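A.B. asks:
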Amino acid sequence: SGFLGSSIVRELSNKQISFLTIGKNNKSDIICDLGNQVPHLPIVDSVIHVAGLAHVLNKAERMSHDFERININGANNLIKALNNNPPKVLFFISTVSVYQDETGIDIDEDYPIGSKSNYGKSKAFAEKIIVDWCKQNDVFFYVLRLPLVVGHNPKGNLKSMISSIKKGYYFNIEGGG
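Mapping of the sequence shown onto the numbering used here: position 118 corresponds to residue 118, and the numbering continues sequentially without gaps.
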């Protein structure tokens with residue numbers, strides 16, 4: 001039911017693919033706070049796990065407990081729900097923040113993991129939970145390490161960046177102005 005999940009739901013709806021959503025609000029098919037609860041799930045072929053707490057500039061380090069509860073416990077609770085009936089495929093939406101370097105060139109999926117931020121650490125730990133479980137249960141998996149996600153009516157850092165640009169604040173992209 002968040003920013004990315006809502007976009008995926010819109011796209012799947014356009015493709016006439018049947019799906020269920022899990023979320024904390026009444027827009028979801030299954031109402032559940034994955035950070036605190038294990039949902040009761042029907043048998044499914046595929047899972048796209050996008051639930052999580054993203055970092056917010058200037059607040060990320062104060063949110064350490066929230067990252068653990070939502071990102072790590074959320075991954076654990078989803079896996080517990082899938083234990084009796086594993087899907088064929090599981091997609092996990094992670095982040096480039098899991099890498100040990102925040103900037104650089106030629107960073108690909110083989111680049112060393114080792115984030116210094118609590119957010120990146122929580123997503124790396126959630127990745128490990130998901131990947132280990134998928135391997136143990138013969139579930140084909142994809143881990144997508146996305147950078148900043150853009151779209152209509154963004155939240156978080158992108159919303160702040162757009163607001164700053166609209167207010168005329170200087171916007172600097174590395175190596176340029």
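Glycine is no exception: its CB is placed at the ideal position from the N, C-alpha and C atoms. Note that the structure is a prediction, hence the values are computed from the model and not measured.
For residue 42 and residue 90, what's the separation of their Cα atoms in angstroms?
C.D. replies: About 15 Å.
A.B. asks: Just the C-alpha distance for residue 29 and residue 22, rounded to the nearest angstrom, thanks.
C.D. replies: Looking at the two C-alpha atoms, the distance is approximately 6 Å.
A.B. asks: For residue 64, which residues from the same chain have a beta carbon less than 6 Å from its beta carbon, with the 5 sequence-adjacent residues on both sides left out?
C.D. replies: So the qualifying residues of the chain are 118.
A.B. asks: Does the beta-carbon of residue 11 have 16 or more other beta-carbons within 10 angstroms, so that it is buried, or is it exposed?
C.D. replies: That one is exposed.
A.B. asks: Under a three-way DSSP split, which group does residue 28 fall into?
C.D. replies: Coil.
A.B. asks: If contact is defined by three or more beta carbon pairs under 8 Å, each pair taking one atom from either stretch, is the region 146-157 in contact with the region 126-137?
C.D. replies: No: fewer than three Cβ pairs fall under 8 Å.
A.B. asks: Buried or exposed: where does residue 73 fall if 16 or more other Cβ atoms within 10 Å of its Cβ makes it buried?
C.D. replies: With 16 or more Cβ atoms within 10 Å of its Cβ, residue 73 is classed as buried.
A.B. asks: Between 25, 147, 9, which lies nearest to residue 107 when the distance is taken from Cα to Cα?
C.D. replies: For the residues 25, 147, 9, the minimum Cα distance to residue 107 belongs to 147.
A.B. asks: With a threshold of 6 Å on Cβ separation, who are the neighbours of residue 96 within its own chain once the five nearest residues in sequence on each side are excluded?
C.D. replies: Taken in chain order, the residues that qualify are 145, 147.
A.B. asks: Tell me the rounded alpha-carbon separation between residue 66 and residue 24.
C.D. replies: Distance between the alpha carbons of residue 66 and residue 24 is about 15 Å.
A.B. asks: Looking only at C-alpha atoms, which of 164, 86, 1, 34 sits nearest to residue 126?
C.D. replies: If we check each option's Cα against that of residue 126, 34 comes out closest.
A.B. asks: Taking the runs of the alpha helix (DSSP H) that are 4 residues or longer, which of them lie wholly in the region 114-146?
C.D. replies: Segments of the alpha helix (DSSP H) lying fully in the region 114-146: 118-136.
A.B. asks: Take residue 114 and list the residues in its own chain whose beta-carbon comes closer than 7 Å to its own, dropping the five residues that flank it on each side.
C.D. replies: Cβ within range, chain order: 100.
A.B. asks: What are the start and end residues of the beta strand (DSSP E) that includes residue 49?
C.D. replies: Run containing residue 49: 46-49, per the beta strand (DSSP E) assignment.
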